[in-house]
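Just so you know, we're using UniProt numbering here: the sequence shown kicks off at 1 and counts up by one.
This report refers to the structure that appears directly beneath it.
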Amino acid sequence: MRATAPAWLGAARPDALRVVALGGGHGLAATLGALRHVTRDVTAVVTVADDGGSSGRLRQELGVLPPGDLRMALSALCDESEWGHIWRDVLQHRFTSEGPLDGHAVGNLLIVAVWELLGDSVAGLDLIGQLLGSRGRVLPMASVPLEIEADVELPNGPADQATLVRGQSRVAVTSGRVTKVRLLPEEPPACTEAVASIMGADWVILGPGSWYTSVMPHLLVPGIARALHETSARLALTLNLSPQQGETDGFSAADHLRSLREYAPDLRVDVVIADPGAVEDLDDLSAAAEDVGGAMLLRQVSAGDGTPHHDTLRLAAAYRDAFDRFLSDVGERSR
């Protein structure tokens, strides 16, 4: 059960709000790019289940947390200066060769090197953040690397029989429909600093991103899930702009909320942010939002170029509208 005194009641201005964004990959990067226009205090809590590409190779060879999504979050928060942009580009640069360095991102190697030198993943990420002049902090969701396991209904398979797919990189590109996801180990230790950031936040943002491999995993880490239920922070859910092949094939906007209910039946969502162009049935979404305790906020947040990408400034405006709405409701609504 959540505390009854929201931390944001003491916030003087929207740009002083403490905001924590949960996710991974490009979806989290979009959120962070938007939030930096809204508040000065941003923390990213990042999934650590990637097992493909450069991250997967480093994870397998060195037994470290996969650094790729952490690198992307750090890059999204870099300082808006020549220094910050140069180091962002260095982190994002990938080698192209015919040797073992092919495909490795410089930032992945740099992050792992700092981890080895400091012996502390959080301290290492903080140090890279200082190098970038980051306007925020990046933390791993868990203190150990995780593996995603999913039950998948294949297109031509028996309707009553699911296929087991293991590994984030495989689940993300499955040709079937994901029906259930799990983490291995089943009850991983949450990053202590990540839990503290959620407990001390004014707002927590969940999504957008790969639904079952970037968003839902946060609810499967007991310490993170417990913090989301106990924090006095408001919770906003940012919906995707389109279904993802395999992960959410055939999902409506409302179906995302119903699946959230399956993994966290008691979690309250204060506001659901959706692009009207990505909503098939407004009444259905409104009912689903009400079922999780929240209000629906319809805003054009897409880039408007026909791709399922969020526009940074439009998403920033939507977050500001959500934050301002609740700040103006102080005295009218309490938990």
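Using N, Cα and C, we set each Cβ at its ideal position, and we do this for glycine too.
Neighbourhood of residue i by C-beta distance below 6 angstroms, restricted to the same chain and skipping five residues each side
| i | result |
| --- | --- |
| residue 272 | 237, 289, 294, 296 |
| residue 171 | 148, 150, 165, 213 |
| residue 26 | none |
| residue 19 | 35, 39, 42, 203 |
| residue 72 | 29 |
| residue 316 | 34, 37, 38 |
| residue 199 | 227, 231 |
| residue 127 | 114 |
| residue 211 | 247, 248 |
Own chain residues within Cβ distance below 8 angstroms of residue i, not counting five before or after
| i | result |
| --- | --- |
| residue 139 | 43, 44, 45, 46, 122, 125, 191, 193, 194, 197 |
| residue 183 | 49, 146, 147, 148, 149, 217, 220, 221 |
| residue 286 | 296 |
| residue 243 | 249, 250, 251 |
| residue 152 | 162, 163, 164, 165, 171, 174, 176, 177, 178, 179, 246 |
Contact test: residue i Cβ vs the ligand MN heavy atom, cutoff 8 angstroms
| i | result |
| --- | --- |
| residue 144 | This structure simply doesn't include the ligand MN, nor any ligand for that matter. |
Alpha-carbon to alpha-carbon, residue j and residue i
| i | j | result |
| --- | --- | --- |
| residue 51 | residue 70 | 13 angstroms |
| residue 284 | residue 129 | 42 angstroms |
| residue 24 | residue 48 | 8 angstroms |
| residue 220 | residue 277 | 30 angstroms |
| residue 3 | residue 322 | Model confidence at residue 3 stands at a pLDDT of 43, short of 50, so the residue's coordinates are unreliable and nothing is read from them. |
| residue 320 | residue 275 | 15 angstroms |
| residue 111 | residue 282 | 44 angstroms |
| residue 141 | residue 81 | 29 angstroms |
| residue 365 | residue 260 | Any question about residue 365 goes unanswered here, given that the chain covers just 1 to 335. |
| residue 207 | residue 162 | 26 angstroms |
| residue 79 | residue 179 | 40 angstroms |
| residue 233 | residue 209 | 21 angstroms |
| residue 332 | residue 187 | Annotation note: pLDDT 38 at residue 332 (below 50); position unreliable, no value reported. |
| residue 21 | residue 239 | 14 angstroms |
| residue 298 | residue 235 | 16 angstroms |
| residue 116 | residue 65 | 12 angstroms |
| residue 279 | residue 254 | 8 angstroms |
| residue 318 | residue 109 | 35 angstroms |
| residue 15 | residue 76 | 18 angstroms |
| residue 119 | residue 291 | 44 angstroms |
| residue 314 | residue 224 | 29 angstroms |
| residue 63 | residue 144 | 9 angstroms |
| residue 167 | residue 106 | 24 angstroms |
| residue 257 | residue 100 | 43 angstroms |
| residue 300 | residue 89 | 29 angstroms |
| residue 205 | residue 270 | 10 angstroms |
| residue 303 | residue 135 | 24 angstroms |
| residue 215 | residue 181 | 11 angstroms |
| residue 306 | residue 17 | 33 angstroms |
| residue 98 | residue 137 | 35 angstroms |
| residue 86 | residue 262 | 43 angstroms |
Per DSSP, the bridge partner or partners of residue i
| i | result |
| --- | --- |
| residue 310 | 302 |
| residue 18 | 41 |
| residue 273 | 238, 297 |
| residue 23 | 46 |
Own chain residues within Cβ distance below 7 angstroms of residue i, not counting five before or after
| i | result |
| --- | --- |
| residue 173 | 246 |
| residue 155 | 175, 176 |
| residue 104 | 54, 94, 95 |
| residue 102 | 95, 96 |
| residue 84 | 78, 132, 133 |
Could you pull out every unbroken beta strand (DSSP E) segment of at least 3 residues lying fully inside the region 27-65, listed in chain order?
41-46
For the pair the region 22-34 and the region 304-323, tell me if three or more CB-CB distances fall below 8 angstroms.
yes
Length at least 4, wholly inside the region 277-303: the alpha helix (DSSP H) runs in chain order:
282-291
Check whether the region 56-63 and the region 258-266 are in contact - that is, three or more C-beta pairs closer than 8 angstroms.
no
What are the complete beta strand (DSSP E) segments, minimum 3 residues, inside the region 159-223?
Entirely contained in the region 159-223, the beta strand (DSSP E) runs reaching 3 residues are, in chain order, 163-166, 177-184, 203-206.
Starting from the N-terminal side, write out each stretch of the alpha helix (DSSP H) that is 4 residues or longer and does not extend beyond the region 95-170.
106-118, 121-132
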